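Here's the structure, in structure tokens; my notes come after.
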Amino acid sequence: MSETFPALLIRDKDNAKAELMELSRSDLPDLPVLVRVDYSSLNYKDGLAVTGKGRIARRFPMVPGIDIAGTVIESDAEAFKPGDKVIANGHGMSETAWGAYSAFQRVEPKWLMPQPEQFTQKQAMAIGTAGYTAALCVNQLLAWGAVSVDEGSVLVTGAAGGVGSYAVALLSSLGFSVTASTGRPETHAYLRQLGASNFIDRQELSEAGKPIQAERWSGAVDSVGSTTLANVLAQTVYGGAVTACGLAGGADLPATVIPHILRSVALIGVDSVMAPLKRREAAWRLLQAQLTPEQIDLATEGEVGLADLPEAAEAILAGRIRGRMVVEVA
Ligand code: NDP
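Sequential numbering of the sequence shown, starting at 1243, is according to my numbering.
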């Protein structure tokens, strides 16, 4: 381990843009496992943290980055030994705990999972929190039980984004007919390759509609929120279910209880950050069982290093990234 190593650091809440600098081992938090961060990824939340536009960090200074694929260098925890390949997603990294955008990081053992066998480190980060959250959503729809491959179409909003791309891929691999809602018609060919069979323009869902509308979707994975989610709920079939995990279109929910009390529509919230281990393991099992290497390649727009991450962070917030960006850290 070299004396100093590169990291992105947010100094304080008045200097909330992350800056590239050199850290040394003594700067790292006093936690039991030292990991070399080989790869990370860029999520919407990382975009908010790195640009300082989202007030994600609640402690300063802060190293942002919510996804780690790394190698254990030292460990005071029995469960992990030097050389182990591990991943971590969420667990307050970027908010209250230092995260992935540092060539070395110290973490709690309970944040770590063994790297999923079927994926390389790069693939695990091409999936990252976005793919793992899509898998949490799909597992919730499956567990709800009312969404069946024989009935109607499942809608994915924000389809060309990270969560959306993996939701499309997983649902289509499972045999569902998938409708993709996107504001970027130029991504239709991409989404069709991932498995979408129908498309709607996101504009159709972003204008306020009636509390109850024609039944269109047997289920939905929504990462947009706001009016979009209200319309999706109003268009879901009797007994269907909608998972809500994101706020790319806004954090409000201008909806009524009508779809829930007249059609038994379920709104299922999905959080990836503090999800219990069992749910995480089930999500990664689903990803390993359903994703092909071709789908992962397709959903990966490219790679960036730490130095180029601030620019990529602006791009993800502006909706200019298709699928996922992998971050080369160490
Ligand atoms: P991305 O930026 O990759 O994707 C978001 C997509 O949403 C965009 O690609 C775009 O899709 C669509 N979108 C963006 N702005 C708007 C808008 N104003 N109105 C309608 N649609 C819009 O982000 P991620 O996939 O990484 O994350 C998506 C959301 O999910 C974020 O809000 C993120 O914070 C949240 N999230 C939550 C998690 C949790 O634990 N609950 C975990 C992971 C993500 P298109 O171009 O196809 O229209």
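Each residue gets a CB set at the ideal place from its N, CA and C atoms; glycine is no exception. Predicted model, so just to flag it, every value in this text is computed and none were measured.
Rounded to the nearest whole angstrom, the CA to CA distance from THR1375 to VAL1512 is 8 Å. Scanning the stretch 1355 to 1431 for uninterrupted alpha helix (DSSP H) segments of 4 residues or longer gives 1363 to 1386, 1404 to 1415, listed from N- to C-terminal end. The three-state secondary structure of GLY1289, taken from DSSP, is helix. Contact between the stretch 1420 to 1431 and the stretch 1399 to 1412 is present: three or more C-beta pairs spanning the two stretches fall below 8 Å. The beta carbons of VAL1277 and PHE1346 sit about 7 Å from each other, so the pair counts as a contact at 8 Å.
Secondary structure of PRO1248 (DSSP, three-state): strand. ALA1330 is positioned such that its CB atom lies no closer than 8 Å to that of GLY1294. Looking at the DSSP output, THR1485 sits in a beta bridge with VAL1463, ILE1510.
With a threshold of 7 Å, the Cβ atom of LEU1489 counts as near the ligand NDP, since some heavy atom of the ligand is closer than that. Contact annotation, VAL1328 with MET1355: C-beta distance approximately 7 Å; criterion of less than 8 Å satisfied.
For THR1338, the closest alpha carbon among the candidates VAL1405, MET1516, VAL1484 is that of MET1516. Counting only runs of 4 or more residues that sit fully inside the stretch 1509 to 1556, the alpha helix (DSSP H) segments are 1519 to 1532, 1535 to 1540, in chain order. In the displayed model, ILE1308 falls within coil according to three-state DSSP, outside both helix and strand.
Taking the CA atoms as reference points, LEU1433 sits about 22 Å from ALA1525. Remark: the C-beta of ARG1426 is in contact range of the ligand NDP, defined as less than 7 Å to any heavy atom.
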